[in-house]
Structure formats: structure tokens, C-alpha cells
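One structure below.
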Amino acid sequence: MPKAVNQAIIGIWITLGLSVAAAIVNQRTGALTNGEFFWCIFMYAVLCIFPYKLNKGSNTARWIYSILTGVTVAYMLLSIGDDMPQVDWLLLAITVPIKLFIIISLFDRESSRWFLWGSN
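Heads up: the sequence shown runs through residues 4 to 123, numbered per the numbering used here.
Structural data, given as C-alpha cells:
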């Protein structure tokens, strides 16, 4: 596995951990209801499949993760407003650069070659 893919997988785990921590803080401060909180945690649990599949060399997982991340980042940037909880501002500032690094790492030359040919 290329070093860039390994770093991307670590980055995904970091962003998932930060997102779970932010959801817990938002739930404790009342920014999320219990139902919203459990839905967020469920979705983050589902997203844990991506590091596993990427580690196995799944090119499909690479593309799906990248598309979902792009849509999520665009939505977050378009949703910026005064009513956004402070934890979400902090999460946005920390995770957007990490997510960009992840996508760049997953699509660099060596990583692309590994996903397309070397992971089988």
C-alpha cells in the first residue's frame, strides 16, 4: 500500500473521530436533539466502512468516498451562517483541509496506480 493511501486512511479516522466528538458536544449543549444525535452517530458508524475498503484497495470506495466528501464539504461551506454552532465552525476549520489532503492523497499517481492495478 502506498504511503499516501495509508495517510489518507489515518486522515479519515481522524475526521470521523472529530465528527463524533463534535456531535457529542452539540448534543450536550442542546444543538442536537437525541434523535439527531443518534442519526449522526449511526451515519459515522456507516462511514467506518470506507477506511476498511480503502485498505483493501477498493477503487469504488475511493470514488464514492471522494464524491460524498466533496458534496459534504460543499454543503457545509454553503450552510455557513450565524446560527451554526461554534463546535461546527471549529470542525469545519479543522476537517476541510484534512479532507482535501485525503482526496489529493487518494488520487496521486502512485495511489491511483495501486487502486487500479496493484491492489488485486
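The beta carbon of each residue, even a glycine, is placed where N, CA and C say it ideally should be. Quantities reported herein were computed from a predicted structural model and do not represent experimental measurements.
Taking DSSP as the reference, what is the three-state secondary structure of C43? Three-state DSSP puts C43 in a helix.
State buried or exposed for N37, treating a residue as buried only when at least 16 other CB atoms are found within 10 Å of its CB. Classification of N37: exposed, given that the 10 Å Cβ count is below 16.
Looking only at C-alpha atoms, which of L119, S22 and A11 sits nearest to M46? Out of L119, S22 and A11, the CA that lies nearest to the CA of M46 is found in S22.
For the segment 29-75, which segments carrying the alpha helix (DSSP H) assignment without a break, of at least 4 residues, lie completely within its bounds, in sequence order? Segments of the alpha helix (DSSP H) lying fully in the segment 29-75: 37-50 and 52-58.
Looking at the unbroken alpha helix (DSSP H) that takes in W117, where does it start and where does it end? In the DSSP annotation of this structure, W117 is not part of any alpha helix (DSSP H), being labelled neither H nor E.
Express the C-alpha separation of R116 and I44 in angstroms, rounding to a whole number. Cα to Cα, I44 sits roughly 34 angstroms from R116.
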